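Novice: Just so you know, this note's numbering puts the end of the sequence shown at 417, numbered straight through with nothing missing. The C-beta atom is built at its ideal place from N, Cα and C for all residues, glycine as well. Since the structure is predicted, the reported quantities are computational estimates derived from the model, not experimental observations.
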Amino acid sequence: MEQKNIRIQDYYYELASEKIAKYPLEKRDLSKILIYKNKKISESAYSSLENYLPNKSLLFFNDTKVIPARLFFRTSSDKVIEIFCLEPIASSDSDPYQELNKKTSVKWKCIIGGASKWKDDYLSLQHNEITIKAKKIEKLNDVFIVKFTWEPAEKTFSEILEIAGSIPIPPYLKRKTETIDLLRYQTVYAQKEGSVAAPTAGLHFTDLLIEKIKAKKCTVLPLTLHVGAGTFKPVKASTMVDHEMHQEYFDVDIQVIKNLLAGFHECIIAVGTTSLRTLESLYWIGLKLYKNKNLSQHELSVEQWYAYQTNEQLITKEEALTAIISYLEKTNSNRLYAKTEILIAPGYRFKIVNALVTNFHQPESTLILLVAALVGDNWRMIYNYALENNFRFLSYGDGSLLFRE
13 MEQKNIRIQD YYYELASEKI AKYPLEKRDL SKILIYKNKK ISESAYSSLE NYLPNKSLLF
73 FNDTKVIPAR LFFRTSSDKV IEIFCLEPIA SSDSDPYQEL NKKTSVKWKC IIGGASKWKD
133 DYLSLQHNEI TIKAKKIEKL NDVFIVKFTW EPAEKTFSEI LEIAGSIPIP PYLKRKTETI
193 DLLRYQTVYA QKEGSVAAPT AGLHFTDLLI EKIKAKKCTV LPLTLHVGAG TFKPVKASTM
253 VDHEMHQEYF DVDIQVIKNL LAGFHECIIA VGTTSLRTLE SLYWIGLKLY KNKNLSQHEL
313 SVEQWYAYQT NEQLITKEEA LTAIISYLEK TNSNRLYAKT EILIAPGYRF KIVNALVTNF
373 HQPESTLILL VAALVGDNWR MIYNYALENN FRFLSYGDGS LLFRE
């Protein structure tokens with residue numbers, strides 16, 4: 013399988029620190045956008061994006077909401093311990109993020125900054141008349157399971173984080189979270205709490221821009237993928253066979269899947285790499301259900317290499333989506349809830365997505381591999397153009413509209 017032999021160093025480019033946007037522009041839709049179509053590049057502003065969309069396109073937005081996932085505790089010897097809440101530990105696979113609505117106590121997978129300084133049995137944090145206690149339960153590779161309890165117990169864990177937590181902006185910004193980040197490191201359509209990083213392609217959209225897109229008879233549809241800290245995980249392996257993709261949870265409403273099925277003859281546009289990974293994962297989930305209609309909830313997942321190594325006869329995208337709809341109707345479910353760790357790399361054959369709205373990503377990252385899978389070797393031409401024409405890079409930077417080769 014050639015994808016396993018991809019050398020990450022072949023996807024390096026020089027990114028000077030001054031090219032990285034440390035703060036967002038004053039207005040979201042004034043960010044520049046690079047348009048790549050038919051091997052040609054042009055540029056505009058997000059405020060005019062609707063002019064570059066084919067009529068009747070289907071645009072998919074990730075409506076996840078970033079949670080204030082960073083909590084700062086002090087030990088009995090006054091040392092600071094940062095606990096970064098990654099994802100909940102739940103008794104059910106149906107929707108672990110319901111744990112945010114739990115009261116009294118929860119368990120989460122966490123990254124602990126300064127873990128070696130944590131000698132106490134538990135840590136305590138007091139903030140605005142709430143008290144939070146944290147206890148280490150177990151170490152799992154590079155993360156810990158931490159149990160949180162709090163008072164007043166009638167508050168949900170979501171409310172506790174809102175009071176005491178901090179929004180986790182990307183580490184490469186090399187600054188602390190500021191007031192502006194509370195609003196701008198969140199899309200205007202964010203609905204469902206769970207992400208520890210924003211789906212940044214959506215940060216450029218305003219309510220007005222979305223209305224202009226709809227006025228062009230384009231359909232705007234929501235899906236949810238909760239972005240994990242793994243989105244910033246560097247590829248340290250020299251070849252991809254030794255890189256382990258992070259697992260993320262997604263859910264899609266049955267009506268959205270029906271709309272996707274009905275609109276397959278139109279241009280399918282993913283707003284953000286998370287939306288793209290969700291849409292492509294739908295196909296592979298559908299293939300599994302087509303072959304086995306009795307999969308358990310736990311088996312609804314897409315493994316890192318599944319798209320490349322499956323020997324099963326492939327089916328049409330219509331058959332895949334129909335299999336999902338049939339499964340949901342049979343189980344009296346109105347949402348598909350599943351997990352994905354899909355790696356989309358050069359050589360991947362796209363099943364659903366025709367175009368992608370996305371920011372400019374870090375060199376030698378899995379997101380660069382995804383872009384290269386979509387546009388081929390011209391990814392380097394696109395990035396060179398952006399570097400030479402004063403585009404701003406990474407989460408708060410400018411973006412691109414890339415049509416598939």
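(1) What's the gap between the Cα of residue 325 and the Cα of residue 261?
(2) Do residue 50 and residue 251 come within 8 Å of each other at the CB atom, strictly closer than that value?
(3) Along the chain, where does the beta strand (DSSP E) containing residue 406 start, and where does it finish?
(4) Taking the alpha carbon of residue 242 as the reference point, which residue from 317, 394 and 211 has its own alpha carbon closest?
(5) Could I get the ranges of all uninterrupted beta strand (DSSP E) runs contained in the segment 224–252, with 3 residues as the minimum, in chain order?
(6) Would you kindly work out how many angstroms separate the C-alpha atoms of residue 183 and residue 306, rounded to a whole number?
(7) Rounded to whole angstroms, what's the CA-CA distance from residue 118 to residue 294? Just pull it up for me.
(8) With a floor of 3 residues, list each beta strand (DSSP E) that falls wholly inside the segment 281–358, ordered by position along the chain.
(9) Would residue 176 and residue 83 qualify as a contact pair, given that the criterion is a beta-carbon distance under 8 Å?
(10) Secondary structure at residue 134, three-state DSSP: helix, strand or coil?
(11) Between residue 41 and residue 57, which are expected to be in contact by the criterion C-beta below 8 Å, what is the C-beta distance as a whole number of angstroms?
(12) Any idea what DSSP makes of residue 368, helix, strand or coil?
(13) Grouping DSSP H, G and I as helix and E and B as strand, with all else coil, what is residue 73?
(14) Is residue 164 buried or exposed, if buried means 16 or more other CB atoms sit within 10 Å of its CB?
(15) Which residues mark the beginning and the end of the alpha helix (DSSP H) in which residue 191 is found?
(16) Can you tell me where the beta strand (DSSP E) holding residue 261 begins and where it ends?
(17) Can you tell me which of the three DSSP states residue 25 falls into?
(18) Would you check if there are 3 or more beta carbon pairs closer than 8 Å linking the segment 153–163 to the segment 184–192?
(19) Is the separation between the beta-carbon of residue 15 and that of residue 357 shorter than 8 Å?
(20) Please work out which residues of its chain come closer than 7 Å, Cβ to Cβ, to residue 240, disregarding the five sequence neighbours upstream and downstream, and give them in chain order.
(21) Just confirm the distance between the C-beta atoms of residue 360 and residue 335, as a whole number of angstroms; I'd bet it's less than 8 Å.
Specialist: Result, derived from the coordinates:
(1) Counting from 1 along the sequence shown, the entry for residue 325 is found at position 313. Counting from 1 along the sequence shown, the entry for residue 261 is found at position 249. Approximately 26 Å between the Cα atoms of the pair.
(2) In the sequence shown, counting from the first residue as 1, residue 251 sits at position 239. In the sequence shown, counting from the first residue as 1, residue 50 sits at position 38. A distance of 8 Å or more separates the beta carbons of residue 251 and residue 50.
(3) Looking up residue 406 in the sequence shown gives position 394. Unbroken run through residue 406: none, as it is neither H nor E.
(4) As a first step, residue 242 is located in the sequence shown; it is residue number 230 there, counting from the start. Check the Cα spacing between residue 242 and each of 317, 394 and 211: the tightest is with 211.
(5) The segment 224–252 contains, as complete beta strand (DSSP E) runs of 3+ residues, the segments 231–237 (chain order).
(6) Mapped onto the sequence shown, residue 183 falls at position 171. Mapped onto the sequence shown, residue 306 falls at position 294. Separation of residue 183 and residue 306 (C-alpha to C-alpha, rounded to the nearest whole angstrom) is 42 Å.
(7) The count along the sequence shown starts at 1 and reaches residue 118 at position 106. The count along the sequence shown starts at 1 and reaches residue 294 at position 282. Roughly 30 Å separates the two Cα atoms.
(8) For the segment 281–358, whole beta strand (DSSP E) runs of length 3 or above, ordered along the chain, are 347–352.
(9) By 1-based counting over the sequence shown, the position of residue 176 is 164. By 1-based counting over the sequence shown, the position of residue 83 is 71. Going by C-beta atoms, residue 176 is nearer than 8 Å to residue 83.
(10) Position 122 of the sequence shown, counting from 1, holds the residue named residue 134. Of the three classes helix, strand and coil, the one that applies to residue 134 here is coil, per DSSP.
(11) Counted from its first residue, the sequence shown places residue 41 at position 29. Counted from its first residue, the sequence shown places residue 57 at position 45. That belief holds up - the Cβ atoms of residue 41 and residue 57 are roughly 7 Å apart, short of 8 Å.
(12) Along the sequence shown, one-based indexing puts residue 368 at 356. Strand.
(13) Translated into the one-based positions of the sequence shown, residue 73 becomes position 61. In this structure, residue 73 counts as strand in the three-state DSSP scheme.
(14) For this step, residue 164 is matched to residue 152 along the sequence shown. Burial call: exposed.
(15) Taking the first residue of the sequence shown as 1, we reach residue 191 at position 179. Its alpha helix (DSSP H) spans residues 191–196.
(16) Locating residue 261 in the sequence shown gives position 249, counting from the first residue. Annotation: the continuous beta strand (DSSP E) that includes residue 261 extends over 260–265.
(17) Numbered from its first residue, the sequence shown carries residue 25 at position 13. DSSP places residue 25 in the coil class of the three-state scheme, outside both helix and strand.
(18) By the Cβ test, the segment 153–163 is not in contact with the segment 184–192, since fewer than three Cβ pairs between them sit closer than 8 Å.
(19) Stepping through the sequence shown from its first residue, residue 15 is reached at position 3. Stepping through the sequence shown from its first residue, residue 357 is reached at position 345. Going by beta carbons, residue 15 and residue 357 fall inside the 8 Å limit.
(20) Residue 240 sits at position 228 when you count from the first residue of the sequence shown. Contacts found: 98, 99, 208, 258 and 260.
(21) For the purposes of this step, residue 360 is identified with residue 348 of the sequence shown, where counting begins at 1. For the purposes of this step, residue 335 is identified with residue 323 of the sequence shown, where counting begins at 1. Residue 360 to residue 335, Cβ: 21 Å. No contact.
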